[in-house]
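K.L.:
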Amino acid sequence: ETGVTQTPRHLVMGMTNKKSLKCEQHLGHNAMYWYKQSAKKPLELMFVYNFKEQTENNSVPSRFSPECPNSSHLFLHLHTLQPEDSALYLCASSRAGPTPTEAFFGQGTRLTVV
Amino acid sequence: GEDVEQSLFLSVREGDSSVINCTYTDSSSTYLYWYKQEPGAGLQLLTYIFSNMDMKQDQRLTVLLNKKDKHLSLRIADTQTGDSAIYFCAESIGGGNKLTFGTGTQLKVEL
C-alpha cells in the first residue's frame with residue numbers, strides 16, 4: 027500500500043464509451059501525474075499537475091482529458107478511445123519542487139478498449 | 061533529447077548477483093533513479109543517485125554511475141526470488157519532478 031489509490035483496477039470499454047479513471051492520495055503531496063505503461067515501451071508521462079495546475083501535457087490526444095479538482099484527487103476522462111490505447115494507466119504523486127523527491131505510484135488501472 | 065534505454069530481460073540464479081544496466085542520452089540529467097515494479101503493483105522507488113556521484117550503496121543494492129558514458133547500473137547482491145520484478149531506470153533534468161523512464165528490465169530469479 028503506497029498511499030495512492032486508483033479505481034477501477036480493471037476497465038473494459040468500447041470505442042464509443044465514456045469512462046473516467048480516478049486517483050486519490052492523502053500523503054500531503056502537491057504534484058500528481060498520469061503515466062501510460064505499454065508492454066516493451068518506456069513508461070510514458072502523460073500529464074503533470076503541480077498545485078492543481080496542469081504543467082505538462084506530453085502531446086496526449088484530446089480523447090484523454092485530465093481533471094485535478096484538488097491536490098488529493100486526479101481524474102482521467104476517456105472518450106472515443108482506440109484499441110491501441112489499451113494499457114496500464116498509472117497515477118503517481120510526489121512533493122513538488124526541485125529537490126529529488128520520491129514519486130509514489132498507485133497500482134494502476136488495466137484498460138482494455140474493444 | 062531525452063531517451064532512456066534498458067535491456068528487456070535478465071535471468072539469474074538465486075544467490076548470484078544481478079546487474080541491470082541503463083543508458084541515457086541527456087547529459088544535463090540531475091538525478092537518476094531506480095524503481096521496482098512487482099506484479100500487479102505500481103512502481104516503488106528503490107534508490108536514486110545525484111549526478112555528481114559515481115557510486116551509492118544501500119544494503120544489497122549498489123548503484124554505479126558513469127557520467128562520461130551516460131551509463132547507470134544497479135547491482136543486486138545475493139539475488140532472491142523476491143527480487144523478481146521489473147526494474148525501471150529514470151532520469152530527471154534540472155532536479156524537477158518530471159521523470160523520463162526506460163522500458164524496464166524484467167528480472168527473473170531462478171532456483
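So the sequence lines, in the order shown, correspond to chains A and B.
Following our numbering, the numbering of the first sequence begins with 27 at its first residue and continues without gaps.
Following our numbering, the numbering of the second sequence begins with 61 at its first residue and continues without gaps.
We put the CB at the ideal spot given by N, CA and C, even for glycine.
1) Output the boundary residues of the beta strand (DSSP E) element that contains residue 87 of chain B.
2) At 7 Å on the CB atoms, spell out the chain A contacts of residue 123 of chain B, in chain order.
3) Classify residue 74 of chain B as helix, strand or coil using the three-state DSSP reduction.
4) Please list the partners that residue 133 of chain A has in chain B, where partner means a Cβ-to-Cβ separation under 9 Å.
5) Would you mind telling me which residues of chain A sit closer than 7 Å to residue 59 of chain B, beta carbon to beta carbon, in chain order?
6) On a CA-only basis, which of A:59, A:64 and A:128 is nearest residue 138 of chain A? Give me that one, please.
7) Would you list, in sequence order, the uninterrupted beta strand (DSSP E) runs of no fewer than 3 residues that lie entirely inside the region 65 to 135 of chain A?
8) Spell out the partners DSSP gives residue 9 of chain A in its beta bridges.
9) Mind checking if residue 80 of chain B is an interface residue toward chain A, Cβ cutoff 9 Å exclusive?
10) Would you say residue 47 of chain A reaches chain B, if we count a Cβ-Cβ gap shorter than 9 Å as a contact?
11) Please report whether the beta-carbon of residue 134 of chain B lies at a distance below 9 Å from any beta-carbon of chain A.
12) Considering only residues of the same chain and omitting the five flanking positions on each side of residue 61 of chain B, which have a CB-CB separation below 8 Å?
13) Going along chain A in order, which residues have a C-beta closer than 7 Å to the C-beta of residue 142 of chain B?
14) Could you pull out every residue in the same chain whose Cβ sits closer than 7 Å to the Cβ of residue 72 of chain A, ignoring the five residues on either side in sequence?
15) Assess, as a yes-or-no matter, whether the region 151 to 171 of chain B is touched by the region 71 to 80 of chain B under the definition of 3 or more beta carbon pairs within less than 8 Å.
16) Would you identify the three-state DSSP class for residue 143 of chain B, choosing helix, strand or coil?
17) Please return the same chain residues whose Cβ sits closer than 6 Å to the Cβ of residue 109 of chain B, not counting the five positions on each side in sequence.
18) How close, in whole Å, do the beta carbons of residue 65 of chain B and residue 83 of chain B come, if the pair is a contact with beta carbons under 8 Å?
19) From the DSSP output, read off the bridge partner residues of residue 39 of chain A.
20) Excluding sequence positions up to five away, which residues of its chain have a Cβ less than 6 Å from the Cβ of residue 79 of chain B?
21) Assign residue 113 of chain A to one of two classes, buried (16 or more other C-beta atoms within 10 Å of its C-beta) or exposed (fewer than that).
22) In chain A, what lies closer than 8 Å to residue 159 of chain B by C-beta?
P.N.:
Let me lay it out:
1) Taken as a continuous stretch (DSSP letters only), residue 87 of chain B belongs to no beta strand (DSSP E), as it is neither H nor E.
2) Contact annotation for residue 123 of chain B against chain A: no contact, minimum CB-CB distance about 13 Å [criterion: below 7 Å].
3) Residue 74 of chain B: coil per DSSP, three-state reduction.
4) For a Cβ distance threshold of 9 Å, residue set 100, 101 and 102 of chain B lies close to residue 133 of chain A, ordered along the chain.
5) This structure cannot settle anything about residue 59 of chain B, because the visible part of chain B is limited to 61 through 171.
6) If we check each option's Cα against that of residue 138 of chain A, A:64 comes out closest.
7) Listed in chain order, the complete beta strand (DSSP E) runs (minimum 3 residues) inside the region 65 to 135 of chain A are 70 to 76, 79 to 83, 90 to 96, 99 to 105 and 113 to 120.
8) Nothing can be reported for residue 9 of chain A, as the shown portion of chain A is limited to 27 through 140.
9) For residue 80 of chain B, no CB of chain A lies under 9 Å from its own CB, so it is not counted at the interface with that chain.
10) By this cut-off, residue 47 of chain A is not an interface position.
11) Output row for residue 134 of chain B: interface = no.
12) Any reading at residue 61 of chain B must be qualified, since the residue scores a pLDDT of 48, below 50, and its modelled position is unreliable; no value is offered.
13) Simply none; closest approach about 17 Å.
14) Taken in chain order, the residues that qualify are 60, 61, 62, 84, 86 and 90.
15) The region 71 to 80 of chain B vs the region 151 to 171 of chain B: in contact.
16) Looking at residue 143 of chain B - three-state DSSP - the assignment turns out to be helix.
17) By the criterion of a C-beta distance shorter than 6 Å, residue 109 of chain B is surrounded in its chain by 92, 116, 123 and 125, once the five residues flanking it on both sides are discounted.
18) Correct: roughly 5 Å between the Cβ atoms.
19) For residue 39 of chain A, the pairing in a beta bridge is given by DSSP as A:139.
20) Contacts found: 133 and 135.
21) Under this definition residue 113 of chain A is a buried residue.
22) Within 8 Å Cβ-Cβ: 71 and 129.
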